[in-house]
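In the numbering used here, the protein residues as written are 9 to 179.
Right, one structure below, let's go through it.
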Amino acid sequence: MKCVIETSRLFLRELNQDDYPSLAAILQDPKVMYAYEEPFSDAETQAWLDKNLLRYKQDGFGLWAVILRETGVMIGMTGLTWQTIGETDVLEIGYQFNRQYWGMGFATEAAKACKEYAFSVLDVGQVYSIIRDTNIASMNVAIRNGMLVSGRFVKKYRGIAMPHLVFRTKR
Ligand SMILES: CC(C)(COP(=O)(O)OP(=O)(O)OC[C@H]1O[C@@H](n2cnc3c(N)ncnc32)[C@H](O)[C@@H]1OP(=O)(O)O)[C@@H](O)C(=O)NCCC(=O)NCCS
């Protein structure tokens, strides 16, 4: 299992098929998925996993499993993915955590480590987090990760027009 990033309490590694139950516990929890309107079905969860396995092959990175070092339990996903805003491809830091592990600073710890990875290993000049305007907890992670709002746009998802804020930080 390839460990990509280590922090004081966590490590991030590539996801694999054995992670499906931990992944489903997150992506199928309606409270975790409130910003996406609906929890994922089994097919959507598998497609999400497959997309990230493909990203590892194509890009060399993607959303990774976040493992609590103390217990070895997978508590969330955090990582880097290419996203498109208008005509521009940007590198996004994304995060989703099992509800049991909210409120302990894990998302911020993992997101900060991904920012450092993007700057030092991938050698990019800026990273982004694209967040629905109703998702305050996620915006607070972006702010703690040193980001400021650089724009806004409306994303259509599940047939709903959802205003999003674009958070960005530069190297
Ligand atoms: C977004 C999400 C990951 C944020 O999780 P979170 O637990 O609020 O964020 P953090 O892990 O950074 O934790 C911060 C909280 O832990 C507290 N905390 C406790 N111990 C801490 C420590 N050692 N270090 C830092 N913060 C600590 C902070 O005070 C803060 O509390 P507050 O929310 O009461 O202000 C979570 O809400 C989530 O999974 N949401 C659903 C998925 C989603 O919408 N993802 C984003 C899509 S854009």
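Glycine included, every Cβ here is placed at the ideal spot set by N, Cα and C.
Bear in mind that the values here come from a model prediction, so they are computed numbers and not experimental data.
Segment contact, 8 angstroms Cβ cut-off, at least three pairs: the stretch 114-128 with the stretch 160-167: no
What first and last residue would you give for the alpha helix (DSSP H) that runs through T79? No alpha helix (DSSP H) holds T79; DSSP gives it neither H nor E.
By DSSP, does S146 sit in helix, in strand, or in coil? helix
Classify I75: buried if its beta carbon has 16 or more other beta carbons within 10 angstroms, exposed otherwise. buried
Cβ of N60 versus every heavy atom of ligand 1: is any distance shorter than 7 angstroms? no
Coarse secondary structure for Q104, derived from DSSP in three states: strand
Sufficient close CB pairs (3 or more, under 8 angstroms) joining the stretch 35-49 to the stretch 137-147: yes
Look at the alpha carbon of A126 and the alpha carbon of N153, and state the distance between them as a whole number of angstroms. 13 angstroms
Assuming R63 and T89 form a contact by the criterion Cβ under 8 angstroms, report the distance between their Cβ atoms to the nearest whole angstrom. 6 angstroms
Does S49 come out as helix, strand or coil in the three-state DSSP assignment? coil
Which word fits S49, buried or exposed, when buried means at least 16 other C-beta atoms lie within 10 angstroms of its C-beta? exposed
Helix, strand or coil for E14, going by three-state DSSP, please let me know. strand
Beta carbon of A118 nearer than 8 angstroms to that of T92: no
Output needed for L18: all residues of its chain with C-beta closer than 7 angstroms, excluding positions within five of it in sequence on either side, in chain order. V74, I75, L76, R77, F114, E117, A118
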